[in-house]
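Protein chains in written order, with this note's numbering: chain A, 1 to 455; chain B, 1 to 488.
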Ligand SMILES: Cc1ncc(COP(=O)(O)O)c(C=O)c1O
């Protein structure tokens, strides 16, 4: 019996103690027409050796070559120590640290994570994680509506330069609470939001403005001016940012005169493997005034009976297990192990290492896009500063080209036409620090080959 | 155990793990100064060895399944097989980009598809979506689907979700996130739902009911079919909180009980790790009525080719719940586990978790502890109330919990469900040996003896942990949520 240690003698002894003659008698309170349905659709169990063979074959069939795809998930080097330590049983197989005295390892680690994340974002406080970047934006929207006491409208301004998958998730999650997301159109030439565009909302009751930096097209938004406009108009600012980029870009806490109110995003770039989209983790930081409106776990430092430093979950009166229908969110289990990995990753890199990684991402993307722009049938789409993603425009629909290059083992970027027909010829490309010159050569050659035939 | 410094305090300016970053700085001159960070973030400045040693030492301050018996009720802390981890972390799975075409992910998508099929079969539901990231997100998806169902029928007077008073906090919190009012109903003295109160609560305003079965008081809801009929006849739907599925896996199916939508905590029943607070996976099973509203993406199959089904395939979907397809790596772990168990193994999970719980309950009762529902069978968990000990000896459930840590046992869930005074909710799981269960009984007896001799001693526990009891009031009042530099 896999993973069940009972011997026949154990079973006999235990049944005798309980005073029944069979295990089935323990189910005698279940209505008899419900018991033992039989499970014809489930195969017989297999041994570890057999499932290992199957999984090895499956994993081998999924291997791919160079990756120029980003669009919300990024291939970075993950130091070996990160997952060696993270998968230690003491982290891997522990529960949420409710029993603080028996969870000081996880609790101190989360406190360190909160410190690093607050520092990276330039914000006052961080929670211990949400599910992912998309659902983190949804939670940030709900939080902003709670925190902005002056606003009654539930109206949120969301530029069309915010990751469309994040917008979809947000719509699903906040849709039943009287909140509306209003689209702000970006400048078609620059692929970024002009502050002037916001003037149509001047003087209206807006709960919050979302600003993604770098934005969905990889472009840098005028975060300073946008933040000042929003806060002048009584709206809170929700920053959606890439954590790697924050090593070199102005962090949300320093946007405009007062800084953003909430910063959130996808933590995956910090030591989490791509693994088909998860598990990753959502991060969320805020300014001090909003801490009590933040969803999720928060760890605080305190002292024990003998005055020694210790760590514990705090401000739990925000959470579902205490407040039930008045909680800030229904979130319970979050993405703790991913935060463990990210904390180890950030410790290994430090500000210095992360800055180098970020710098190489930017330089490789510059190199890649300059190279691609030299190919006949390829041009650069949006003008202006970028971080590690850029839009290139082909002379034909991008989707078939993407599929064709994938069949050659090259992930050629993200076809933007999936979300906007006007961008059907556009590919969002990305080159992180893991991309080599040889990879770029291979991509450029394959692309010029694909475009050599008449469209 | 000695105190471990914060990682920040171990650092020296200019130190970092040099093997882990490019040797040179890249040229960033083309990013205008107005977009550039002015001052570096405060981060640890430590070597690779310092990092490895620090986080290894911190790990040693945790209790975990791998090191301790962990009978945390409602949480199903059973052995997390190591093969599930190592096979989910094969390079072909880890390196796959979520936007890579389906054609290049057949190995991965095939696992997910098979997992969906197995979960649908073992729960008796029509289809399964693996999109939700944890139990609470599964609840959200399920209740949002209930809402979409009523909305699609133009049935918009349904404003309430019924929730038993014993329910987990995520249930009422979820109902509110979906725009519903919560109507709480009491639990009867026999542990089942109070039928008279339910009858009173159900009406044209009822959108649905959220139930856990076996319930959070650790017994099987015997009148479940009656409840299903009652709610359905009133036009409401039934949501099944699958946190306790371990108790009935393969023995009884929520679909057969009459539930319209369910979630399964794969990080409980399918033994994926809790990771000190996630990641989990809250797969949902969907019945006939709610099929059109299934969340996206879901894995489909067409002529042996697996693909992500999207809004095109499910136009009335409630939508997506995250940027990608769910906690894929967790799902791979659950798949490996499900395959190793197979048909018979799944049923055995229910049988042996139930055997262990009933044995432990019987033993504790024999030692004089007050079982909360002594006339009932335990499911995979049960409640003891330490009200008597609190009154006679002056030691509470919380005191027992803390002293158990000293004796090497993780505490059971304390003070949940809310309706039982001084309760411990105890879930031993099927992967523990009878000797470990006996050891736990002995520990409980020892603590009671200690309390008889010196209650202050028990109230002062724990003594053998890295810290003694913590000042939680100070933690909440004088918020210290991050390192502020050496001065602090
Ligand atoms: C009964 C019950 N329902 C729901 C949940 C929520 O599940 P999760 O923590 O995965 O969101 C839990 C677990 O914490 C639970 O015990």
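Ideal placement from N, C-alpha and C gives every residue a C-beta, glycine not left out.
Just so it is clear, the structure is predicted and the values come from calculations on it, not from any experiment.
For residue j and residue i, the rounded distance between their alpha carbons
i              : j              : result
residue 200(A) : residue 234(A) : 15 Å
residue 298(B) : residue 182(A) : 28 Å
residue 444(B) : residue 365(B) : 11 Å
residue 292(B) : residue 262(A) : 35 Å
residue 435(B) : residue 52(B)  : 35 Å
residue 398(A) : residue 268(B) : 43 Å
residue 54(A)  : residue 340(B) : 12 Å
residue 488(B) : residue 285(A) : Residue placement at residue 488(B) is flagged as unreliable, the pLDDT there being 40, under the threshold of 50; the coordinate-derived value follows with that caveat. Whole-angstrom Cα-Cα distance: 21 Å.
residue 289(B) : residue 158(A) : 34 Å
residue 208(A) : residue 252(A) : 15 Å
residue 273(A) : residue 82(A)  : 11 Å
residue 409(A) : residue 98(B)  : 15 Å
residue 483(A) : residue 28(A)  : The structure shown does not extend to residue 483(A), since chain A is modelled only from 1 to 455, so the question has no answer here.
residue 17(B)  : residue 118(A) : 22 Å
residue 323(B) : residue 282(A) : 10 Å
residue 63(A)  : residue 403(A) : 16 Å
residue 76(A)  : residue 434(A) : 6 Å
residue 16(A)  : residue 6(A)   : 14 Å
residue 329(A) : residue 136(B) : 10 Å
residue 417(B) : residue 406(B) : 25 Å
residue 89(A)  : residue 92(B)  : 24 Å
residue 448(B) : residue 141(B) : 45 Å
residue 66(B)  : residue 79(B)  : 7 Å
Contact list for residue i against chain B, beta-carbon separation under 9 Å
i              : result
residue 250(A) : 34, 35, 36, 37 and 38
residue 297(A) : 277
residue 362(A) : 26, 27, 28, 30 and 31
Three-state secondary structure assigned by DSSP to residue i
i              : result
residue 70(B)  : coil
residue 430(A) : strand
residue 488(B) : Residue placement at residue 488(B) is flagged as unreliable, the pLDDT there being 40, under the threshold of 50; a coordinate-derived value is accordingly withheld.
residue 387(A) : coil
residue 284(A) : strand
residue 435(A) : coil
residue 311(B) : coil
residue 151(A) : coil
residue 5(A)   : coil
residue 396(B) : coil
residue 97(B)  : coil
residue 194(B) : coil
residue 309(A) : strand
residue 125(A) : strand
residue 281(B) : coil
residue 481(A) : Outside the displayed span of chain A (1 to 455) sits residue 481(A), for which this structure offers no information.
Under 8 Å by beta carbon: chain B residues contacting residue i
i              : result
residue 430(A) : The contacting residues do not exist; residue 430(A) stays about 10 Å from chain B at best.
residue 228(A) : What residue 228(A) touches in chain B: nothing, since even the nearest Cβ is about 13 Å away.
residue 419(A) : What residue 419(A) touches in chain B: nothing, since even the nearest Cβ is about 12 Å away.
residue 171(A) : 319
Within chain A, partners of residue i - CB distance below 9 Å
i             : result
residue 17(B) : 79, 81, 347, 348, 349, 350 and 353
Interface residues of the stretch 318-339 of chain B facing chain A [CB-CB below 7 Å]: 318, 319, 320, 321, 322, 323, 324, 325, 326, 327, 328, 329, 330, 336 and 339
Any 3 or more C-beta pairs closer than 8 Å across the stretch 131-145 of chain A and the stretch 99-119 of chain A: no
Near-chain B residues of the stretch 37-61 of chain A (beta-carbon distance less than 9 Å), N- to C-terminal order: 37, 38, 39, 40, 41, 42, 43, 44, 45, 46, 47, 48, 50, 51, 52, 54, 55, 56, 57, 58, 59, 60 and 61
Under 7 Å (Cβ pairs) to chain A, residues found in the stretch 343-364 of chain B: 343, 344, 345, 346, 348, 351, 352, 354, 355, 358, 359, 362 and 363
Segment contact, 8 Å Cβ cut-off, at least three pairs: the stretch 205-212 of chain B with the stretch 349-362 of chain A: no
Stretch-stretch touch, CB-based, cutoff 8 Å, three pairs: the stretch 307-322 of chain A with the stretch 162-171 of chain A: Inter-segment contact for the stretch 307-322 of chain A and the stretch 162-171 of chain A is absent: fewer than three beta-carbon pairs are separated by less than 8 Å.
Residues, ordered as in the chain, of the stretch 156-182 of chain B that lie near chain A by beta-carbon distance below 9 Å: 163, 167, 168, 169, 170, 171, 172, 173, 174, 175, 176, 177, 178, 179, 180, 181 and 182
Cβ contact (3+ pairs, closer than 8 Å) linking the stretch 214-233 of chain A and the stretch 173-181 of chain A: no
Residues from the stretch 365-395 of chain A in contact with chain B, defined by Cβ distance under 9 Å: 366, 385, 386 and 387
Against chain A: residues of the stretch 227-260 of chain B by CB proximity under 8 Å: 248, 250, 251, 252, 253, 256 and 257
Proximal residues, the stretch 50-61 of chain B versus chain A, C-beta separation under 9 Å: 50, 51, 52, 54, 55, 56, 57, 58, 59, 60 and 61
Chain A contacts from the stretch 91-104 of chain B (Cβ-Cβ distance under 9 Å): 91, 92, 93, 94, 95, 96, 97, 98, 99, 100, 101, 103 and 104
Touching by the beta-carbon criterion (3+ pairs, under 8 Å), the stretch 269-289 of chain B and the stretch 125-142 of chain B: These segments touch.
Inter-stretch contact (C-beta, 8 Å, three-pair minimum) for the stretch 291-310 of chain A and the stretch 236-248 of chain B: Too few Cβ pairs lie closer than 8 Å, so no.
Cβ contact check for the stretch 35-45 of chain B and the stretch 239-259 of chain A: 3 or more pairs under 8 Å: Here the stretch 35-45 of chain B lies against the stretch 239-259 of chain A, with 3 or more beta-carbon pairs under 8 Å apart.
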